[in-house]
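A.B. asks: One structure coming up, written as C-alpha cells, with questions to follow.
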Amino acid sequence: MKRSRSDDDQQDSLDLLLDTVSNVFGGVMFLTLLAALLILARGSSSVDEPESEQSIETTKPVNTTLLEAEARRTAVALETQKRMLERLDPDGSLSEKVQRLSSLESTLMLARRHARRADGKLDSQEQARLDQQAAESDLEGQIEALEKEIAEQENQAKQMRSQSERTVQFRPLTRSQTGEAVLLLRYGRWYSLLTSEDPGSLNREDFFLLRDSGGVTRVTPKPHRGHPVNDASLSQLTMFLKANFSNQQYHVVIAVWDDSFTEFNPLKDALVESGYQYRTLPCDSSSRLSNQYAADAYVQ
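So, in C-alpha cells, the structure goes:
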C-alpha cells in the first residue's frame with residue numbers, strides 16, 4: 001500500500017524512500033519464504049522412492065521451475081529497488097530522517113501518554129477543588145444559619161428587655177414630717193413590718209425577730225411568708241394602709257432587695273394611685289431592718 005504524496009519535493013522524496021524501503025523489506029521476506037519452499041520441495045523429492053528411471057528422466061518438476069523463475073524475478077526487482085534507493089539517498093540522509101521520524105513518533109506517543117496521565121491528575125485535582133468548594137459552601141451556610149439564629153435570639157432578648165423595663169418619671173423629692181409605714185420587697189413578695197399604726201405591733205408571722213433590746217428591734221422577712229405581687233394582693237395592701245396609716249399622716253418606706261426589682265413598679269404604682277408618698281431603701285442580703293425613725297426623710 002503506497003502513501004499519499006504532497007506537492008512538496010522533500011516530502012515526495014521521503015514518501016518515495018519509504019515506499020522503496022517497504023518494497024525491499026517485502027522482497028526480502030518473499031525471498032525467504034521462496035527459499036523455504038524450495039528446500040521443502042527438494043527434500044520431499046529426495047525422500048520419495050524412485051518409481052522408475054524413466055519417470056525420473058522424463059518427469060520435470062514444474063513447480064520447482066516456477067519457483068526458481070519467481071525467485072530470479074524477485075531478485076532482479078530487489079536489485080532495482082536497491083539501485084533506486086542508492087540514487088535517491090546517496091548520502092543516507094533520508095534514512096536518518098526516516099529513523100528520526102520514527103523516533104519522533106515514539107516520543108509523541110509517550111508524550112500523549114503522559115498528557116493523558118496529567119489530564120487524569122488534573123481531573124482529580126479539579127474534583128478535589130470542587131469538593132472543597134462544596135465543603136466551604138456548606139460551612140458558609142452553617143455560619144449564616146447560626147448568625148441568623150443569634151440575630152433572632154438578640155431580637156427576642158431586646159423584646160423581653162423592652163417588656164421588662166419601664167421608664168419611670170420620679171416625682172420631685174420633698175421633705176416629709178409624716179410618719180413611716182414600712183413595706184419590704186424581697187423574694188418577689190411584699191411584707192408589712194407592722195400590723196397597725198402602733199409601733200409595737202410587729203408582724204411576727206412574716207418576720208424573724210433578730211434583736212429586740214435597747215429600744216431597737218431588728219427583723220428579716222421569712223421566705224415562705226409575705227404576699228405575692230399581683231392585683232389582688234395589691235388591692236388588699238392599699239385597703240390595709242388606708243385602714244391603719246392615713247396618707248395625710250404617713251408616707252411609705254419601700255425597702256427593696258435586688259431579687260425583687262421587677263415587683264417594685266407595680267407596688268409603687270398602687271401606692272401612688274392610693275395617694276401615698278414613698279421613699280425607697282435599697283437593701284442587700286446582709287441588710288437588717290430596725291424600727292428607728294429617719295429624721296428629715298425625703299419622699300416623692
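Once you know that position 227 of the sequence shown is 227 in UniProt numbering, the rest is easy, because the numbers rise by one and skip nothing. From the three backbone atoms N, C-alpha and C, an ideal C-beta is built for every residue, glycine too.
Restricting to runs no shorter than 4 residues, where is the alpha helix (DSSP H) found entirely within the region 215-299?
C.D. replies: Correct list: 231-244 and 264-273.
A.B. asks: Under 8 angstroms, do Y191 and L202 count as touching if we go by C-beta distance?
C.D. replies: Here residue 191 refers to the residue found at position 191 of the sequence shown. Here residue 202 refers to the residue found at position 202 of the sequence shown. The answer is no: Cβ separation not under 8 angstroms.
A.B. asks: Quick one: any contact between the region 137-157 and the region 223-234, if contact means 3 or more CB pairs under 8 angstroms?
C.D. replies: Contact between the region 137-157 and the region 223-234 is absent, because fewer than three Cβ pairs lie under 8 angstroms.
A.B. asks: Rounded to whole angstroms, how far is the Cβ of V219 from the Cβ of F208, which I believe are closer than 8 angstroms?
C.D. replies: If you number the sequence shown from 1, residue 219 lands on position 219. If you number the sequence shown from 1, residue 208 lands on position 208. V219 to F208, Cβ: 6 angstroms. Contact.
A.B. asks: What's the C-alpha gap between K97 and K82?
C.D. replies: Counting from 1 along the sequence shown, the entry for residue 97 is found at position 97. Counting from 1 along the sequence shown, the entry for residue 82 is found at position 82. Spanning the two alpha carbons is a distance of roughly 18 angstroms.
A.B. asks: Run through DSSP, which three-state label would L183 get?
C.D. replies: The residue you call residue 183 lines up with position 183 of the sequence shown. Here L183 sits in strand by DSSP.
A.B. asks: The beta strand (DSSP E) spanning R204 covers which residue range?
C.D. replies: Here residue 204 refers to the residue found at position 204 when the sequence shown is read from its first residue. It is not in any beta strand (DSSP E) - R204 carries neither H nor E in the DSSP assignment.
A.B. asks: What is the DSSP secondary structure of S213, reduced to helix, strand or coil?
C.D. replies: For this step, residue 213 is matched to residue 213 along the sequence shown. If DSSP states are grouped into helix, strand and coil, S213 belongs with the strands.
A.B. asks: Counting only the same chain and skipping the five closest in sequence on each side, list residues whose C-beta sits under 7 angstroms from that of D206.
C.D. replies: Residue mapping note: residue 206 aligns to position 206 of the sequence shown, counting from 1. Correct list, in chain order: Y191, P221, K222, R225 and G226.
A.B. asks: State the Cα-Cα distance for the pair G275 and E180, rounded to the nearest angstrom.
C.D. replies: Counting from 1 along the sequence shown, the entry for residue 275 is found at position 275. Counting from 1 along the sequence shown, the entry for residue 180 is found at position 180. Cα to Cα, the separation comes out at about 14 angstroms.
A.B. asks: Can you tell me the Cα-Cα spacing of G120 and R129, whole angstroms?
C.D. replies: Indexing the sequence shown from 1 puts residue 120 at position 120. Indexing the sequence shown from 1 puts residue 129 at position 129. Cα to Cα, the separation comes out at about 14 angstroms.
A.B. asks: In terms of residues, what are the limits of the beta strand (DSSP E) holding S192?
C.D. replies: Position 192 of the sequence shown, counted from the first residue, corresponds to residue 192. Its beta strand (DSSP E) spans residues R189 to S192.
A.B. asks: Rounded to the nearest angstrom, what separates A71 and T65 at their Cα positions?
C.D. replies: Residue numbering aside, residue 71 sits at position 71 when the sequence shown is read from its first letter. Residue numbering aside, residue 65 sits at position 65 when the sequence shown is read from its first letter. Rounded to the nearest angstrom, the two C-alpha atoms are 10 angstroms apart.
A.B. asks: Give the DSSP-derived three-state secondary structure of S196 in the structure shown.
C.D. replies: Taking the sequence shown and counting its residues from 1, the one referred to as residue 196 is at position 196. Note: S196 maps to coil in three-state DSSP.
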